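Visitor: Pasting in a structure now, in C-alpha cells, and then I'll have a few things to ask.
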Amino acid sequence: MTKKIKKIGVMTSGGDAPGMNAAIRSVVRTCAFHDIECVGIYRGYEGMIEGDFTLLNARSVNNIINKGGTFLKSARSKEFMTKEGRQKACLQLKSVGIEALVLIGGDGTFTGGMIFNQEFDFPVIGIPGTIDNDILGTNFTLGYDTALNTIVEAIDKIRDTASSHKRLFFVEVMGRDVGHIALNAGVGAGAEEILVPEENLGLDRLLESLKKSKNSGKSSSIVVVAEGDKIGKNVFELKDYVEENLPDYEVRVSVLGHMQRGGPPSCYDRVLASRMGVKAVESLLDGKTSYMVGIINNKIELYPIDKAVKGHSDIDTELLRVSDIMTT
Ligand code: F6P
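For the sequence shown, this note's numbering begins at 5 and goes up steadily by one.
Printed below as a string of C-alpha cells:
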C-alpha cells in the first residue's frame, strides 16, 4: 500500500495560459476535499528553488476561476536545468513537508518535472497549460480554446477595416513551432490562406491563391500566419513580397502578440481545468506519478509524462483541406 500523501505543492511554469488559475483552484479545493494540505509555489521552479511558498486553503482561491494569467506567477528557470538547482528545490520542498507536486505548464515544465522525479523519486503529475496545444497525450491544453476565441475576435475586427479599405492583411499568431492555433483560428475567422509550419505552401502557391481570390471578386483578404511558419519570410517580408509581385494589393500586417495569452478563460477552459485538477490530485493520492492529465475524446485520462514531452500533437490535416474548400 502506498503511503498516504499529506501535503501537495502546486505551481505554474512557462508561458501563462488562461485557465491556469482555474486549475490551481481545482487542485486546492480537491486537496481540501480530501483533507490534505496544499502549498502554492510562486514563480514556478524559480520559486521552488528559493522556497517561495504559501499555504492555500479552499478560501484562498475564491474568485479566481474567471481570471486570466496565474496568481502564483510563472517563470522559465535556468537554474532548475542544473542538478544543483534541482537539489536545492528538493531540499526546500522537503523542509516544509511537501510530498508530491502538481505541475501546470507546457513541455519545458514537464521535462523539468520528469527529471526531478527520476533524480529524487519525487511524485509529480502534470496538467497541460499552454495556448499552443502542442502536447502529445491530450486533445486540448488549458488556454488553447480561450486563445482561439480571442484571436477570432481580433481577426473579426481586422476584417472590418480590411474590407472597408479593400486590403489584404497578414495576421501573425502564436503557437511556437506548431500550427494548431493558426489552423483553427484561421478556419474560424474565415482566412483566405493559412500558413503553418507543418506544411510549406510555398510563395508561388500563395501568390496564385491571392490572384485567384482577387479574380473571383473578393476585395479584401486575411492570411493567417503561424509564428513558426517555414515559408522563408516573416509577415513583414511577406507584405513586401506580395506588394512587389501583385501591385493591385494594398497590404497591411498585424502581429497579435501576447494579447493572445490574456483575458478570462472560456467556459471550456474553466471546466477542463476543474476536471484536470481533480484528476491530478486524486491520481497522486492513488500513488500514481510521472503522468500528465490529458483529455482524449472528452475523457480525462493519464498519459506518461515522458511520452508527452517527446512528441508534438499533430495538426488536423483534414482541416487544411476544409480551409481550402472554404476559400473557393
Ligand atoms: O508557449 C506559449 C507562447 O505564447 C508561444 O506561443 C510563444 O512562442 C511563446 O510562448 C512566447 O514566449 P514569451 O512569453 O517568452 O515571449
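Glycine is no exception: its CB is placed at the ideal position from the N, C-alpha and C atoms.
All values derive from a computational prediction rather than experimental measurement.
#1: Enumerate, from N- to C-terminal direction, the unbroken beta strand (DSSP E) stretches of 3 or more residues contained entirely within the region 172-201.
#2: Counting pairs of beta carbons, one from the region 96-116 and one from the region 33-50, are three or more of them closer than 8 Å?
#3: Grab me the residues of residue 61's own chain with a C-beta within less than 8 Å of its C-beta, minus the 5 sequence neighbours each way, in chain order.
#4: Going by beta carbon distance, what residues of the same chain come within less than 8 Å of residue 250, once the five residues before and after it are set aside?
#5: Can you give me the Cβ contacts of residue 5 inside the same chain, cut-off strictly under 8 Å, excluding the 5 residues immediately before and after it?
#6: Tell me which same chain residues have a C-beta within less than 8 Å of the C-beta of residue 12, skipping the five on either side of it?
#7: Can you give the Cα-Cα distance for residue 151 and residue 185, rounded to whole angstroms?
#8: Per DSSP, what kind of secondary structure is residue 235 in: helix, strand or coil?
#9: Alpha helix (DSSP H) containing residue 126: first to last residue?
#10: Would the beta-carbon of residue 63 be found less than 8 Å away from any heavy atom of the ligand GTP?
#11: Taking the C-alpha atoms as reference points, what is the distance between residue 329 and residue 260?
#12: By how many angstroms is the C-alpha of residue 148 removed from the C-alpha of residue 158?
#13: Here's the rule: buried if 16 or more other CB atoms are within 10 angstroms of the residue's CB, otherwise exposed. What is residue 137?
#14: Hey, how far is the Cα of residue 254 from the Cα of residue 171?
#15: So, do the region 114-130 and the region 56-75 have three or more beta carbon pairs nearer to each other than 8 Å?
#16: Is the region 183-203 touching the region 122-134, taking contact as three or more C-beta pairs under 8 Å?
#17: CB residue 308 to CB residue 141, shorter than 9 Å?
#18: Please determine, among 167, 273, 252, 53, the residue with the shortest C-alpha to C-alpha distance to residue 95.
#19: Nearest by alpha-carbon distance to residue 220: which of 55, 196, 65 is it?
#20: Please confirm whether any heavy atom of the ligand F6P lies closer than 8 Å to the CB of residue 48.
#21: Run through DSSP, which three-state label would residue 117 get?
#22: Can you give me the Cβ contacts of residue 315 inside the same chain, cut-off strictly under 6 Å, excluding the 5 residues immediately before and after it?
#23: Could you check how far apart the C-beta atoms of residue 265 and residue 20 are, in whole angstroms? I think they sit under 8 Å.
#24: Between residue 16 and the ligand F6P, is the CB less than 8 Å from at least one heavy atom?
#25: What first and last residue would you give for the alpha helix (DSSP H) that runs through residue 37?
#26: Is the Cβ-Cβ distance between residue 226 and residue 206 less than 9 Å?
#27: Please go through the same chain and pick out, in chain order, the residues whose beta-carbon is closer than 6 Å to the beta-carbon of residue 283, but skip the five residues on each side of it.
#28: Under DSSP, the alpha helix (DSSP H) around residue 82 begins and ends at which residues?
#29: Hey, how far is the Cα of residue 322 from the Cα of residue 64?
#30: CA-CA distance, residue 67 and residue 161?
#31: For the ligand F6P, which residues have a Cβ under 6 Å from at least one heavy atom, in chain order?
Guide: In terms of the structure at hand:
#1: 172-177, 197-199
#2: yes
#3: For the purposes of this step, residue 61 is identified with residue 57 of the sequence shown, where counting begins at 1. For residue 61, where only same-chain residues beyond five positions count, the Cβ hits under 8 Å are 32, 36, 42.
#4: By 1-based counting over the sequence shown, the position of residue 250 is 246. Counting only Cβ-Cβ distances below 8 Å, and skipping sequence neighbours, we find 211, 214, 215, 218.
#5: Reading the sequence shown from its first residue, position 1 is the one you call residue 5. With a pLDDT of 42 at residue 5, under the threshold of 50, the modelled position of this residue cannot be trusted; read the value that follows with caution. Excluding positions up to five away in sequence, the list is empty.
#6: Numbered from 1 along the sequence shown, position 8 holds the residue referred to as residue 12. Once the five neighbours on either side are set aside, the close Cβ partners of residue 12 are 31, 35, 40, 41, 42, 43, 102, 103, 104, 105, 106, 285, 288.
#7: Taking the sequence shown and counting its residues from 1, one reaches residue 151 at position 147. Taking the sequence shown and counting its residues from 1, one reaches residue 185 at position 181. Distance between the alpha carbons of residue 151 and residue 185 is about 8 Å.
#8: Along the sequence shown, read from residue 1 onward, the residue named residue 235 stands at position 231. Residue 235: coil per DSSP, three-state reduction.
#9: Here residue 126 refers to the residue found at position 122 when the sequence shown is read from its first residue. Neither: residue 126 is in no alpha helix (DSSP H) and is coded neither H nor E.
#10: The ligand GTP is not part of the structure shown, which contains the ligand F6P as its ligands.
#11: Sequence index remark: in the sequence shown, residue 329 carries index 325 (1-based). Sequence index remark: in the sequence shown, residue 260 carries index 256 (1-based). Approximately 26 Å, taken between the alpha carbons.
#12: For the purposes of this step, residue 158 is identified with residue 154 of the sequence shown, where counting begins at 1. For the purposes of this step, residue 148 is identified with residue 144 of the sequence shown, where counting begins at 1. Roughly 15 Å between the two C-alpha positions.
#13: Against the sequence shown, residue 137 aligns to sequence position 133. Counting Cβ neighbours within 10 Å, residue 137 comes out buried, since at least 16 surround it.
#14: Stepping through the sequence shown from its first residue, residue 254 is reached at position 250. Stepping through the sequence shown from its first residue, residue 171 is reached at position 167. Distance between the alpha carbons of residue 254 and residue 171 is about 5 Å.
#15: no
#16: no
#17: The count along the sequence shown starts at 1 and reaches residue 308 at position 304. The count along the sequence shown starts at 1 and reaches residue 141 at position 137. A contact, by the Cβ cut-off of 9 Å.
#18: On the sequence shown, position 91 is the one that residue 95 refers to. For residue 95, the nearest C-alpha among the options comes from 53.
#19: Along the sequence shown, one-based indexing puts residue 220 at 216. Selected option, being the one with the closest Cα: 196.
#20: As a working mapping, residue 48 is identified with position 44 in the sequence shown. For the ligand F6P, not one heavy atom lies less than 8 Å from the Cβ of residue 48.
#21: Here residue 117 corresponds to residue number 113 of the sequence shown, with the count starting at 1. If DSSP states are grouped into helix, strand and coil, residue 117 belongs with the helices.
#22: Mapped onto the sequence shown, residue 315 falls at position 311. For residue 315, where only same-chain residues beyond five positions count, the Cβ hits under 6 Å are 140.
#23: As a first step, residue 265 must be located in the sequence shown, where it is residue number 261. As a first step, residue 20 must be located in the sequence shown, where it is residue number 16. So it is a contact: roughly 6 Å between Cβ atoms.
#24: Sequence index remark: in the sequence shown, residue 16 carries index 12 (1-based). Result no, Cβ not under 8 Å from the ligand F6P.
#25: By one-based count along the sequence shown, residue 37 stands at place 33. Residues 24-37.
#26: Within the sequence shown, residue 226 is the residue found at index 222, counting from 1. Within the sequence shown, residue 206 is the residue found at index 202, counting from 1. It is not a contact, given that the beta carbons lie outside the stated cut-off.
#27: Mapped onto the sequence shown, residue 283 falls at position 279. Hits under 6 Å: 297, 304.
#28: On the sequence shown, residue 82 is found 78 positions in, with the first residue counted as 1. Note, residue 82: premise wrong, no alpha helix (DSSP H); not H, not E.
#29: For the purposes of this step, residue 322 is identified with residue 318 of the sequence shown, where counting begins at 1. For the purposes of this step, residue 64 is identified with residue 60 of the sequence shown, where counting begins at 1. Roughly 44 Å separates the two Cα atoms.
#30: Residue numbering aside, residue 67 sits at position 63 when the sequence shown is read from its first letter. Residue numbering aside, residue 161 sits at position 157 when the sequence shown is read from its first letter. For residue 67 and residue 161, the distance between alpha carbons rounds to 30 Å.
#31: 19, 110, 134, 135, 136, 178, 179, 180, 231, 265
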